[in-house]
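So the structure is just underneath, and the comments pick up after that.
There are 2 protein chains.
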Amino acid sequence: MDPTLLQLEALDAIARCGSFGAAAAELNRVPSALSYLIKNLELEAGLSLFDRTHRRATLTPTGRRLLEQARLVLKERDGLTALASELRSGWEPELRVVVDGALPLAPVIRAIRAFAEPEVPTFLRLDVEYQEGVLHRFEQGAELALVLGFEGGGGEEGLHCTPLGELVLLLVAASDHPIASSKREDLDQHNHVELLVRDSAPAFEVDRKPSFMGNRNVMFLSDFQTKKTALLGGAGYGWMPAHLIADSLATGALVHLEQEVNRWTYFPQLVRRPDQPLGRAAQLFIANLCLPFEALVATE
Amino acid sequence: MDPTLLQLEALDAIARCGSFGAAAAELNRVPSALSYLIKNLELEAGLSLFDRTHRRATLTPTGRRLLEQARLVLKERDGLTALASELRSGWEPELRVVVDGALPLAPVIRAIRAFAEPEVPTFLRLDVEYQEGVLHRFEQGAELALVLGFEGGGGEEGLHCTPLGELVLLLVAASDHPIASSKREDLDQHNHVELLVRDSAPAFEVDRKPSFMGNRNVMFLSDFQTKKTALLGGAGYGWMPAHLIADSLATGALVHLEQEVNRWTYFPQLVRRPDQPLGRAAQLFIANLCLPFEALVATE
DNA sequence: TCCATTGATCAAAAATCCTGATCTAAACAA
DNA sequence: TTGTTTAGATCAGGATTTTTGATCAATGGA
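Going line by line, the protein sequences match chains A and B. Per this note's numbering, residue 7 is the first one in the first sequence, and the count goes up by one each step. Per this note's numbering, residue 7 is the first one in the second sequence, and the count goes up by one each step.
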C-alpha cells in the first residue's frame with residue numbers, strides 16, 4: 007500500500023465538507039476526480055472507507071479511524087511547507103553559540119528563551135566551554151561566541167567583535183585559609199594549592215599548557231561553580247569571576263587576597279565571522295542578549 | 007509549495023544512502039528520476055537542499071533541517087499503512103464497552119491494560135454507568151456490556167450472555183446509626199434515609215422510576231464509592247456490593263442489617279449482540295477479562 | 001409521481017513521472 | 001599534466017497517473 011497525499015487530502019476534504027461534491031469544489035476539482043482517488047485508496051488499503059448504501063456517502067468506522075491517521079500525515083506535511091517558508095524568509099536551519107563559562111549565564115538564558123517560540127524554526131545549540139575550548143568550538147563552526155576577552159582587548163584573526171561591558175576576576179580564598187592572613191608576595195613562598203578550571207577543548211594536551219604556574223600544586227575543576235565550592239571548602243586559592251562570588255565576599259566566607267596582582271579586568275566580546283551575514287535567528291539571539299547583558303555584568 | 011511523498015522519499019533515501027545513485031538503486035529507479043524529483047522539490051520550496059559544488063552532492067544545513075521534517079511526514083505515512091494493515095487483519099477501529107459501576111473494576115482495569123500495547127490499533131472507549139444507564143449505553147452502540155444481571159438471571163431480547171460468576175449485594179448501615187441496632191421489619195416503620203446510586207441514563211426521568219421506595223426519604227448519589235462514604239458517615243442505609251465494603255464490615259464501621267431481605271445475589275453477565283462476530287479487540291478484551299474476573303468476584 | 005442531487009463509470013485529454021542516452025565536471029591515478 | 005572514473009544534470013520520448021466532462025443509476029424530497 008502506498009497512499010498519495012492527494013488521496014489523503016481528498017479523504018480529509020470529503021470528511022470535512024460532508025460530500026464528494028462540496029469537497030471537489032474546495033479542492034478545485036471535479037467530483038469524479040475524488041471518486042477516482044478514493045476508489046484507489048480503498049483498493050490499495052483493502053478497506054472500505056465509505057458507506058455508499060445511502061445517497062450521501064458516509065465514513066465507515068474504519069474510514070474514520072484511518073482519517074485520524076491521515077490527518078496526522080497532512081499535519082506534518084503542513085509543518086514541512088511552513089518550515090520551508092520560514093527557512094526561505096531568512097531563518098537559519100541551525101544556530102550554534104559558544105559561551106565562556108566565566109561569563110554570567112543570566113543574559114544568555116534570557117536570549118535562548120526566545121527560541122522556544124513556535125514561530126522560530128531554528129534549532130539552537132548552545133555550548134558552555136572553558137579556556138581554549140571556547141575558541142575551539144567556535145572554529146568548529148559555531149556562528150556566535152561569547153568570549154571572555156582577547157589579549158590586548160581587541161579583535162584578532164579578522165573576527166568581528168562587539169564589546170559587552172567588562173568582567174572582573176578576583177584572586178580569592180576561604181577566610182579561614184592560611185593564605186587569607188598572609189601578606190603580599192607570599193604566594194610564591196608557600197606551596198598553597200591553586201584551583202583552576204580545566205580547559206574544555208577535547209584534544210587539549212595538559213603538557214602543552216603554558217606553565218605559568220611552574221610546578222606549584224594545582225587542582226583542576228570542571229567549572230566555576232565547582233571551583234567556588236572547593237574554594238569555600240578551603241581547598242586553596244584561585245581566580246573567580248566577581249559576579250559569582252559577590253555573595254560569599256559579602257558574608258565573609260571568601261576574602262579578596264592582598265597580593266601584587268589580585269584583580270584582573272576582562273572585556274567580554276560577542277564574536278562572529280565578518281564575511282557571512284547574520285541570519286534572523288542570530289539577530290534574534292543578539293537582540294535578546296545585548297541589552298540586559300551590559301546591565302547584568304555591571305550589577306552582578 | 008506542495009511536496010510529494012515521492013520527493014520526500016527521494017530526499018530521505020539520498021541522505022541515507024549518501025548518493026543519488028545508491029538511493030536510485032534502493033528505490034528501483036534511475037538516478038535521473040531522483041535528480042528530477044529533487045530539482046522540483048528545491049524549485050517549489052525555493053531552497054537549495056544539496057550542495058553540488060563538489061562531486062558528491064551533500065546536504066546543505068537547510069537540506070538537513072528540511073529532511074528532519076520530511077522524515078516526520080514519512081513516519082506518519084508509515085503509521086498509516088501499518089494501521090491499514092492492522093484494520094485489514096481484523097482489528098476494529100474502535101471498541102466501546104460499558105461496565106455496571108456495581109461490578110469490581112479490578113478485572114476491567116486489567117483488561118484495558120492490554121490496549122496500551124502499540125500493536126493494538128483499536129481505540130478503546132469504556133463507560134462506567136449505573137442502573138438503566140448501562141443498557142442505555144449498550145443500545146447506543148457499545149459492542150460489549152458488563153451488566154449486573156438480568157431479572158431471572160438469564161438473557162433476554164436475543165442478546166448473547168456469558169456468566170461471570172456472582173456478585174452479592176448487602177443491606178448495610180453505619181454501626182453507630184440507629185437502624186443498626188433495630189430488629190427485622192423496622193425499616194418501614196421509621197423514616198430512615200435510603201441511599202441510592204442515581205441512574206446514569208441521561209434522559210431518564212426520575213418521576214418514572216419504579217416507586218418501590220414509596221415516599222420514603224432518599225438520597226441519590228453518583229456512584230458506589232460516594233455512597234460508601236455517605237454510609238460510613240451515617241447518612242442512612244442502603245445496598246452495597248459486598249466486595250466494596252468487605253473492609254468496613256471487618257472493622258465494624260458498617261454492619262449488615264438484620265432484615266427480612268438483607269442479601270441479594272446477582273449473576274453478572276458479559277453481554278454482546280449475537281449477530282455480529284467479535285473483532286480482535288473485543289476478543290482481546292474478553293481474554294484478559296474473564297479469567298481473573300471469576301477469581302476476583304469470589305474473593306473480593 | 002417527478003425532479004434535484006449525489007456519486008459511480010468511462011473514454012479522452014492533460015499532467016506527471018520515468019527512462020536511457022548524452023553531457024559536464026570533479027576526483028583520482030599515472 | 002593527461003586520461004579515466006564516477007556522480008550527477010539535462011533532455012526528449014514514452015509510460016503512467018490524474019483530471020475532465022459526459023453519461024448513468026440510485027436516493028430522497030416535493
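Ideal placement from N, C-alpha and C gives every residue a C-beta, glycine not left out.
query: Where are the beta strand (DSSP E) runs, 3 residues long or more, that stay fully inside the region 199–279 of chain B, in chain order?
result: The DSSP assignment places complete beta strand (DSSP E) segments of no fewer than 3 residues inside the region 199–279 of chain B at 200–203, 224–227, 243–247, 260–262, 269–272, 275–278, in order along the chain.
Q.
Buried or exposed for residue 55 of chain A, going by 16 or more other Cβ atoms inside 10 Å?
A. The C-beta of residue 55 of chain A has 16 or more other C-beta atoms within 10 Å across all chains shown, which makes the residue buried.
Counting pairs of Cβ atoms below 8 Å between the region 59–68 of chain B and the region 89–107 of chain B, do you hit three or more?
Taking 8 Å as the limit for Cβ pairs, the verdict is that the region 89–107 of chain B does not touch the region 59–68 of chain B.
field: Under 7 Å (Cβ pairs) to chain B, residues found in the region 58–87 of chain A
entry: Of all residues in the region 58–87 of chain A, those with a C-beta nearer than 7 Å to a C-beta of chain B are 67, 68, 70, 71, 72, 75, 76, 78, 79, 82, 83, 85, 86, 87, reading in chain order.
Quiz prompt | Contacts of residue 100 of chain A in chain B (Cβ-Cβ under 7 Å) | solution = By Cβ distance, chain B contributes 67, 71.
For this session: Pull up the DSSP beta-bridge partners for residue 166 of chain A, would you.
Result: Paired residues: A/278.
**Request:** Measure the alpha-carbon distance for residue 207 of chain A versus residue 141 of chain A and round it to whole angstroms.
**Result:** Between the alpha carbons of residue 207 of chain A and residue 141 of chain A lies a distance of about 9 Å.
Members of the region 28–62 of chain A near chain B, C-beta cut-off 9 Å:
Of all residues in the region 28–62 of chain A, only 50, 51, 52, 53 come within less than 9 Å of chain B when Cβ atoms are compared, listed by chain position.
Item to complete: Determine the direct distance from the alpha carbon of residue 243 of chain A to that of residue 218 of chain A, and round the result to whole angstroms.
Response: With a pLDDT of only 48 at residue 218 of chain A, under 50, the local geometry of the prediction cannot be trusted, and the value read off the model is given with reservation. Taking the straight line joining both Cα atoms gives about 15 Å.
What's the call for residue 96 of chain A, buried or exposed, on a 16-neighbour Cβ count within 10 Å? Here residue 96 of chain A is exposed. Its C-beta has fewer than 16 other C-beta atoms within 10 Å.
**Prompt:** Does the beta-carbon distance from residue 114 of chain A to residue 250 of chain A come in below 8 Å?
**Reply:** Residue 250 of chain A sits away from residue 114 of chain A, with the two beta carbons spaced by 8 Å or more.
Give the residues from the region 108–139 of chain B that approach chain A closer than 9 Å (Cβ to any Cβ), ordered along the chain. Taking 9 Å as the Cβ-Cβ cut-off against chain A, the residues of the region 108–139 of chain B that qualify are 127, 128, 129.
| said: Across the region 114–130 of chain B and the region 172–188 of chain B, are there enough close Cβ pairs to call them in contact, namely three or more that are closer than 8 Å? | reply: Judged by Cβ distances under 8 Å, the region 114–130 of chain B makes no contact with the region 172–188 of chain B, as fewer than three pairs qualify.
(request) May I have the straight-line CA-CA distance separating residue 292 of chain A from residue 40 of chain A, to the nearest angstrom? (result) The C-alpha of residue 292 of chain A lies about 50 Å from the C-alpha of residue 40 of chain A.
query: Does DSSP put residue 159 of chain A in a helix, a strand or coil?
result: For residue 159 of chain A, the predicted structure reports a pLDDT of 46, less than 50, and the residue's modelled location is therefore unreliable. The matter cannot be settled from this model.
For residue 61 of chain B, the three-state DSSP class (helix, strand or coil):
Look at residue 61 of chain B here: in three-state DSSP terms it is coil, with no helix or strand label.
### Task
Taking 8 Å as the cut-off, decide whether the C-beta atoms of residue 138 of chain B and residue 205 of chain B are in contact.
In this structure, residue 205 of chain B lies closer than 8 Å to residue 138 of chain B by Cβ.
Would you call the region 28–46 of chain B and the region 70–80 of chain B touching, i.e. three or more CB-CB distances under 8 Å?
Touching, no, given that fewer than three Cβ pairs across the two stretches are closer than 8 Å.
| request: State yes or no: is the beta carbon of residue 21 of chain A nearer than 8 Å to at least one beta carbon in chain B? | output: It does not: the Cβ of residue 21 of chain A has no partner Cβ on chain B nearer than 8 Å.
Next on the checklist: Using beta carbons (cut-off 8 Å, strictly below), is residue 225 of chain B in contact with chain A?
Outcome noted: Not an interface residue.
Whole-number beta carbon distance between residue 227 of chain A and residue 180 of chain A, since they are thought to touch under 8 Å
No, residue 180 of chain A and residue 227 of chain A are not in contact; Cβ-Cβ is about 15 Å, not under 8 Å.
Compare the beta carbon distance of residue 99 of chain B and residue 68 of chain A with 8 Å and say whether it is the shorter of the two. Result yes, Cβ atoms of residue 99 of chain B and residue 68 of chain A sit closer than 8 Å.
query = If you draw a straight line from the C-alpha of residue 270 of chain A to the C-alpha of residue 53 of chain B, how long is it?
reply = Residue 270 of chain A and residue 53 of chain B have their C-alpha atoms some 48 Å from each other.
Checklist entry - Near residue 154 of chain A, what residues of its chain come up, given a Cβ to Cβ distance below 8 Å and the 5 sequence neighbours on each side ignored? => result For residue 154 of chain A, where only same-chain residues beyond five positions count, the Cβ hits under 8 Å are 106, 108, 109, 140, 173, 272, 274.
query: How would you write the range of the beta strand (DSSP E) that residue 151 of chain A sits in, first residue to last?
result: Note, residue 151 of chain A: beta strand (DSSP E), 150–153.
Interface positions of the region 254–278 of chain B facing chain A (Cβ-Cβ less than 7 Å), listed along the chain: Those would be none; no residue qualifies.
- Task: Tell me whether the beta-carbon of residue 255 of chain A lies closer than 8 Å to the beta-carbon of residue 225 of chain A.
- Result: With contacts defined by Cβ atoms closer than 8 Å, residue 255 of chain A and residue 225 of chain A do not form a contacting pair.
*Residues near residue 245 of chain A in its chain [Cβ-Cβ closer than 6 Å; skip 5 each side]*: Around residue 245 of chain A, the same chain offers 175, 177 as residues with beta carbons nearer than 6 Å, after the five sequence neighbours per side are excluded.
**Prompt:** residue 90 of chain A CB to nearest chain B CB: under 8 Å?
**Reply:** With respect to chain B, the C-beta atom of residue 90 of chain A has a partner C-beta closer than 8 Å.
Practice item. Let me know if residue 231 of chain B comes out buried or exposed under the rule of 16 or more other beta-carbons within 10 Å of its beta-carbon. Key: Flag for residue 231 of chain B reads exposed.
*Measuring only between beta-carbons, confirm whether residue 10 of chain B sits less than 8 Å from chain A.*
At least one C-beta of chain A is nearer than 8 Å to the C-beta of residue 10 of chain B.
*asked:* For a test of the three-state rule: what should DSSP assign to residue 131 of chain A, helix, strand or coil?
replied: Residue state, collapsed to three classes: strand.
- Report all residues from its chain with a CB closer than 8 Å to the CB of residue 259 of chain A; omit the five preceding and five following residues, and keep chain order. Within its own chain, the residues whose Cβ lies closer than 8 Å to the Cβ of residue 259 of chain A, once the five positions on either side in sequence are excluded, are 180, 181, 238, listed in chain order.
Notebook entry, point to check: Between the beta-carbon of residue 29 of chain B and the beta-carbon of residue 23 of chain B, is there less than 8 Å?
Noted result: Contact: yes.
Cβ neighbour criterion (16 or more within 10 Å) applied to residue 9 of chain B | Residue burial annotation: residue 9 of chain B is buried, with at least 16 other C-beta atoms found within 10 angstroms of its C-beta.
query: Which residue's Cα is closest to the Cα of residue 133 of chain B: B/103, B/150, B/118?
result: The shortest Cα separation from residue 133 of chain B among B/103, B/150, B/118 belongs to B/103.
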